[in-house]
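Q: Those letters in the sequence shown? Residues -2 to 199, by the numbering used here. All C-beta atoms in this analysis are idealised placements derived from N, C-alpha and C, irrespective of residue type, glycine included. For reference, the structure I am asking about is given below.
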Amino acid sequence: SLKEELNRPFTPEEIRDAVARRRNSRQTDESGDLIAFYKCLKGEAWELIARVFNKEWQSGFECLESEENRNLLMTNTVSLLYKRKGDRTELDNYRGIVNASILTKVLSACLLDRFESILRKTRFLSPRQGGFRPGHQVDEKIFLLRRIAEDVAKFKGAETEVGKLAVAILLDIKKAYPSFPFKIFQRFFELWGIDGTPFAAT
């Protein structure tokens, strides 16, 4: 089931792959860690991290009541970056940059992999959705739209195309985060029968 897919134990291989996909950066987290440090880890270290993740996951993050664990996984620093346009006094004209702990980012990447796997298996996303999907570029949709516009212009006035129109609608939606209503996520989880720790973690 979908709930079992999300709740299965994290494996060392799963965590190692999530770390390997992260870009190298000189930016440190709150504890001063670099992603390059984690990329140098070997066998038993990955097993240790997997045990930590699974302990927190199975307890519903109750272990985070200790200050040490809370600082390790739950402390994030949010900075606001001006988009260089619009009124500087309007919060919408800033982009939120989160400096989370490396382990938090890795755990989030593991969860994202599981959610994406579920979306593929359930075919939840439309094949027409290009944004935020690997292998589905928005550029392809723009190219297709341009071809349609060129074909309409080419055949305009031809007897076989008289009176025919091509209609294009551009829907400009605000950035999903941080203004995306969390209740929508909650509704999706209810439809999929997902509750408990996966919901709390998200």
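To which residues of the same chain is residue 13 closer than 7 Å at the C-beta, ignoring the five residues directly before and after it?
A: Within the same chain, residue 13 has close Cβ partners 43.
Q: Report the rounded CA-to-CA distance for residue 125 versus residue 9, giving the unit in angstroms.
A: The alpha-carbon atoms of residue 125 and residue 9 are separated by roughly 35 Å.
Q: Quick one: is residue 98 buried, meaning 16 or more other Cβ sit within 10 Å of its Cβ, or exposed?
A: When all chains shown are included, residue 98 counts as buried.
Q: With a threshold of 16 other CB atoms inside 10 Å of the CB of residue 3, please say whether the residue is buried or exposed.
A: So residue 3 ends up on the buried side.
Q: List the endpoints of the continuous beta strand (DSSP E) containing residue 85.
A: Element bounds for residue 85: n/a, residue is neither H nor E.
Q: Would you report the Cα separation of residue 146 and residue 87, rounded to the nearest angstrom?
A: Approximately 37 Å, taken between the alpha carbons.
Q: With a CB to CB cut of under 6 Å and the five nearest residues on each side skipped, what residues in its chain are close to residue 120?
A: The answer is none, since no qualifying residue turns up.
Q: Out of 143, 77, 109 and 149, which has the shortest C-alpha to C-alpha gap to residue 130?
A: The residue with the shortest Cα to Cα distance from residue 130 is 109.
Q: Short check: CB of residue -1 to CB of residue 115, under 7 Å?
A: Yes. Within cutoff.
Q: Taking the straight line between their C-alpha atoms, what separation do you get for residue 79 and residue 94?
A: Computed Cα separation, rounded: 10 Å.
Q: Applying the 10 Å Cβ sphere with the 16-neighbour rule, what's the burial state of residue 102?
A: Residue 102 is buried by the Cβ-count criterion.
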